[in-house]
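**Student:** I have a structure here, written as C-alpha cells, and I will follow up with some questions on it.
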Amino acid sequence: MAELVAVIASTHHPFYYRASTATGADRPPFADEWVRKVMAFRETLTRANPDVLVMVGSDHFHQLWLDNMPQFLVGKAPFYDANWYNEEREFGLPRMTCQGEEDLSAHLLRGGLDLGFDLAFSNELRIDHSITCPIITLRPQNDLPIVPVYTNIFAPPLPQPKRFVQLGQAIRELIESWPDDRRVAVIGTGHLSLELGGPRQFGPHGPDPEFDRRAVEWISTGDLEGCLSEVTLDSLWNPGNATHGFMDFMLMMGVAGEGRKADYTDTYDLFHTMEAYFTWYPDGGGRA
Amino acid sequence: MSKYLLDKFLFTVDRDPELVERYREEPRATVEWWEAEEAGRILGSHLDERSTWLSFDDAEREALATHDYPKLFELGAHPFLTLTLFIAMFERDYAEPLGFQLEYAQRLSGYSLPYPDIST
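Taken in order, these protein sequences are the chains called A and B. Taken in order, the first sequence gives residues 1 to 288; the numbers are from full-length UniProt numbering. Taken in order, the second sequence gives residues 1 to 120; the numbers are from full-length UniProt numbering.
What follows is the structure in C-alpha cells.
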C-alpha cells in the first residue's frame, strides 16, 4: 500500500511569487525574511521525499461558477494547466502545467463515494493559485504528479466545518489503502483571518490577530475538538469575510489526525493576513 | 433582485481584458449592452444557449453603471468578485502601493457585522 509521508497545511499568499522574485527598489522589505521562512518550510516536504502530491485548495471563481457549483471536487486528468488571466494580471503569477496522477484520483473518487462523500469530478481542470502557490513555495521544480481536491469555501451555502474534517480523515484512509507503493504527501492551503472586499481588508495585520493566535494553537496541537466546538459557518464571518478558507486547515487537521501535534510550525505576520506553515510526519521519519 | 446576475456580470467582465477596459471607460453603456446581449448566456454552453429570465433591478443596474462598489457590497454582490475587478480597473490610478485597496476599505468603513448576505 501507499505510504502517507507528510501532511502539510499552509496559507496561500498570492503575492509571494512577486515579492520573492522582485529585485532592487521593487523588492519589499519583508521579502527576505519571507523567503527564508518559505525555504525552511520547503525543506520539510523535501525531507519526506514524496512521489505524489494530493493538493487541497479552493477555486476562486475561475473554473467553478455559480451555475454549477460543487462542494467537493476531485480532479481526474493526466495534466492540469494552471493559473488564470486575472491571476497573471493581479499577482504576476506564471502559467504552469502540472502532471496528474489519475490512478490515485480514481481511487479517491471511488473510495470517497463509497465512504459517503458524493464527490464531483473534473476531467479538464485548470487549477488556480490555491494549488499553485504551494507548488511555487514547496516544490518549485513542479516535478511530481498531483491529485487536486477542491473545496467550496467561497460560495454559500457551504458544507459544515465537521464535513471538512471528515473528508480529511477519509482522504488519509484512502491514501493508506491505495494499492501502490509510492510515497504520498498531502498539501492543503487555506486562510487564517482574512477580509476581501470589505472594510477590514489590507490592514497592517490580518483582520483578527486573536483568531489567528487561536487558530495556530488549534492546528499546531491538533486540537480538533476545541476547534470544532468553537468554529461554525456563522462564527467564521467574524474574523473576516473570507475566513471560511480556514475550513481547509480543518480538513488538513483531519488528515493529520485528532491530537496530532504538528512537527513543524511557523508563522509570519504580514500586512493583510498572517502566513502560517505546518508539517506533520505520520511515520515520524521526517523528524530524523 | 438578482445577486446571481450581479455576480455574473462581475465574473464575466473580470475574465475578459477587453471588457475590463470597456467597463472602466464606459460603465453605463457597458452595463446596458451586457444586460441586453450577455446576461442570459449560459456560460457552460459551447453553442449560444440562453436563459430567458435574467435582468437587473434598478438599484443593481445603477450601482454597476456608476462603479458604486460600496452599493454593490450593500446589495450582496460577492466581495471577492467586486474587489478583483475594481482593482483591475482602478489600482493603476493610485501612486502608492495598496492606495486603491485602502481607499476601498475606507469607503466601506460604515459597514459592521453582520455584513450583507452574499448567498445567491
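Where is the CB? At the ideal position from N, CA and C, for every residue including glycine. Since the model is a prediction, treat every value here as computed from it, not as a measurement.
1. Which same chain residues end up closer than 6 angstroms to residue 331 of chain A when comparing Cβ atoms and leaving out the 5 residues on each side of it in sequence?
2. Given that A/Q201 touches chain B, what residues does it touch there, using C-beta distances under 9 angstroms?
3. Tell me which residue opens and which closes the beta strand (DSSP E) that A/G116 is part of.
4. Relative to the C-alpha of B/S112, which candidate in A/E275, A/E195, A/R214, A/P159 has its C-alpha closest?
5. Taking the beta carbon of B/Q101 as the centre, do at least 16 other beta carbons fall within 10 Å, making it buried, or is it exposed?
6. Applying the 10 Å Cβ sphere with the 16-neighbour rule, what's the burial state of A/N86?
7. Here's the rule I'm using: 16 or more other beta-carbon atoms within 10 Å means buried, otherwise exposed. How should A/R172 be labelled?
8. If we count the other Cβ atoms within 10 Å of its Cβ and call it buried at 16 or more, is B/D16 buried or exposed?
9. Return the chain-ordered list of same chain residues with a C-beta closer than 7 angstroms to the C-beta of A/V212, the five sequence neighbours on each side being excluded.
10. Of all the options B/E21, B/E32, B/V20, B/G110, which has the alpha carbon lying nearest to the alpha carbon of B/F56?
11. Just reading off the beta strand (DSSP E) that A/M69 is part of, what are its end residues?
12. Could you name the residues of chain B that A/P29 contacts, counting a contact when the two beta carbons are closer than 7 angstroms?
13. Any beta-carbon of chain A closer than 7 angstroms to the one on B/T120?
14. Comparing C-alpha positions only, which one of A/W237, A/N142, A/P14 sits nearest to A/F154?
15. For A/Y17 and A/P28, I'd like the C-alpha separation in whole angstroms.
16. Only counting runs of 3 or more residues, tell me where the beta strand (DSSP E) segments fall wholly within the segment 2 to 90 of chain A, in order along the chain.
17. Can you name, in chain order, every residue of its own chain whose Cβ lies under 7 angstroms from the Cβ of A/R200, other than the five neighbours on each side?
18. Of all the CB atoms in chain B, is at least one closer than 7 angstroms to the CB of A/F61?
19. Give the C-beta separation of B/L6 and B/E60 to the nearest angstrom, bearing in mind that I take them to be a contact with Cβ-Cβ under 8 angstroms.
20. DSSP state of A/S122, grouped into three classes?
**Tutor:** With the given structure in hand:
1. Only positions 1 to 288 of chain A appear in the structure, and residue 331 of chain A is not among them; the question remains open.
2. P79, L83, Q101, L102, Y104, A105, L108
3. Segment: none, A/G116 is in no beta strand (DSSP E) and carries neither H nor E.
4. A/E195
5. It is buried - the Cβ of B/Q101 has at least 16 other Cβ atoms within 10 Å.
6. buried
7. buried
8. exposed
9. In the sequence as displayed, the identity of residue 212 of chain A is Asp instead of Val. L192, S193, G206, M274, listed in sequence order.
10. Nearest of B/E21, B/E32, B/V20, B/G110 to B/F56, Cα basis: B/E32.
11. Careful: A/M69 lies outside any beta strand (DSSP E) and carries neither H nor E.
12. For A/P29, none of the residues of chain B pass the 7 angstroms Cβ criterion, the least Cβ distance being about 12 angstroms.
13. yes
14. A/W237
15. Each residue's CA atom was taken as its position, placing A/Y17 and A/P28 some 12 angstroms apart.
16. 3 to 11, 52 to 57, 72 to 75, 79 to 82
17. P207, G240
18. yes
19. Yes, they are in contact, since the Cβ atoms of B/L6 and B/E60 sit about 5 angstroms apart, within 8 angstroms.
20. Strand at A/S122.
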